[in-house]
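Colleague:
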Amino acid sequence: MDIYSSIIKGEISFFYQRNQLNSEMNRILQHLLFPVIMFPLTAVAVDTEVTLKCDGRGTVSVVFAEYGLVTESWPPAFFETGTQKKDVHLSSGKPVAVWQFNNGDHIFQVKGTTGWFAKYRDDLPGTLRKCELLEQIVLQPENLPRNPYP
């Protein structure tokens, strides 16, 4: 075997080992990143109920469910559904989660803080109402009784 053949063989062996290492690292990264890609981080966990005290409306209950569904309710018997919108950013760069409801209301949460705000459908543009976080609880699934048809 001449020197050229041995160098080529060595390079091929090194290339093969490096590709195997890269392949293994890619596989590990795929397993680690898949959940992050499939389930992006949100401001509030799924299946969570947040109770807020908002200016102009009193106590508001907001429930965050699977698939981006969110509901808001307040006394005496108001109930609205909505969805999470794309995050916006403050001038400081902090991300703000935005939820829009079918009646035109918006709720905002400054991520990484306890800052909550609301904008109601009849508010003037640029108006934000401060909300105080009263409670945040994780909801547990409940088994409903099964009543077979007669």
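Numbering (this note's numbering), first residue to last: 396 to 545.
In this text, a Cβ means the ideal position worked out from N, Cα and C, and glycines have one as well.
1) With the cut-off set at 8 Å, would you say Leu529 and Leu447 are in Cβ contact?
2) Quick check on Thr509 - is its C-beta less than 8 Å from some C-beta in chain C?
3) Which class does Phe410 belong to by DSSP, given the choice of helix, strand or coil?
4) From Leu519 to Tyr544, what does the alpha carbon distance come to, in whole angstroms?
5) Between which two residues does the beta strand (DSSP E) harbouring Pro490 extend?
6) Where Asn498 and Ser468 are concerned, what is the direct C-alpha to C-alpha distance, given to the nearest angstrom?
7) Relative to the C-alpha of Phe473, which candidate in Asn538, Pro540, Phe496 has its C-alpha closest?
8) Is it buried or exposed, Leu427, if we count other Cβ atoms within 10 angstroms and call 16 or more buried?
9) Among Cys526, Leu485, Leu534, whose alpha-carbon lies nearest the alpha-carbon of Ile502?
10) For Val457, which residues from the same chain have a beta carbon less than 6 Å from its beta carbon, with the 5 sequence-adjacent residues on both sides left out?
11) So what's Glu537 in DSSP terms, helix, strand or just coil?
12) Just how far apart, CA to CA, sit Asp517 and Leu539?
13) Please classify Gln535 as buried or exposed, where buried requires at least 16 neighbouring CB atoms within 10 angstroms.
14) Is the distance from the Cβ of Gly477 to the Cβ of Val465 below 8 Å?
15) Check for me: the beta strand (DSSP E) holding Gly521 runs from which residue to which?
16) Does the beta-carbon of Ile532 have 16 or more other beta-carbons within 10 angstroms, so that it is buried, or is it exposed?
Modeller: Answer, in terms of the structure:
1) By 1-based counting over the sequence shown, the position of residue 529 is 134. By 1-based counting over the sequence shown, the position of residue 447 is 52. Yes, the pair counts as a contact, with Cβ atoms nearer than the cut-off.
2) The chain labelled as chain C is not found in the depicted structure, where only one protein chain is given.
3) Start at 1 with the first residue of the sequence shown, and residue 410 comes out as number 15. Low per-residue confidence applies at Phe410: pLDDT is 43, beneath 50, and the placement is therefore not dependable, though the value from the model is reported in the following sentence. Phe410 falls in the helix class under three-state DSSP.
4) Within the sequence shown, the letter at position 124 stands for residue 519. Within the sequence shown, the letter at position 149 stands for residue 544. Each residue's Cα considered, the two are about 52 Å apart.
5) Translated into positions along the sequence shown, residue 490 becomes position 95. Here the beta strand (DSSP E) through Pro490 covers 490-496.
6) Position 103 of the sequence shown, counting from 1, holds the residue named residue 498. Position 73 of the sequence shown, counting from 1, holds the residue named residue 468. Cα to Cα, Asn498 sits roughly 12 Å from Ser468.
7) Locating residue 473 in the sequence shown gives position 78, counting from the first residue. The shortest C-alpha separation from Phe473 is found at Phe496.
8) Working through the sequence shown from its first residue, we reach residue 427 at position 32. Confidence at Leu427 is low in this model, with a pLDDT of 47, below 50, so its placement is unreliable and the value that follows should be read with caution. Counting Cβ neighbours within 10 Å, Leu427 comes out exposed, since fewer than 16 surround it.
9) To locate residue 502, count along the sequence shown from 1; it is residue 107. Nearest option by C-alpha distance: Cys526.
10) As a first step, residue 457 must be located in the sequence shown, where it is residue number 62. Same-chain partners within the cutoff: Val445, Glu467.
11) Numbered from its first residue, the sequence shown carries residue 537 at position 142. Glu537: coil per DSSP, three-state reduction.
12) Here residue 517 is taken as the residue at index 122 of the sequence shown, counted from 1. Here residue 539 is taken as the residue at index 144 of the sequence shown, counted from 1. Cα to Cα, the separation comes out at about 39 Å.
13) For this step, residue 535 is matched to residue 140 along the sequence shown. That one is exposed.
14) For the purposes of this step, residue 477 is identified with residue 82 of the sequence shown, where counting begins at 1. For the purposes of this step, residue 465 is identified with residue 70 of the sequence shown, where counting begins at 1. Result yes, Cβ atoms of Gly477 and Val465 sit closer than 8 Å.
15) Taking the sequence shown and counting its residues from 1, one reaches residue 521 at position 126. Segment: none, Gly521 is in no beta strand (DSSP E) and carries neither H nor E.
16) On the sequence shown, residue 532 is found 137 positions in, with the first residue counted as 1. It counts as exposed.
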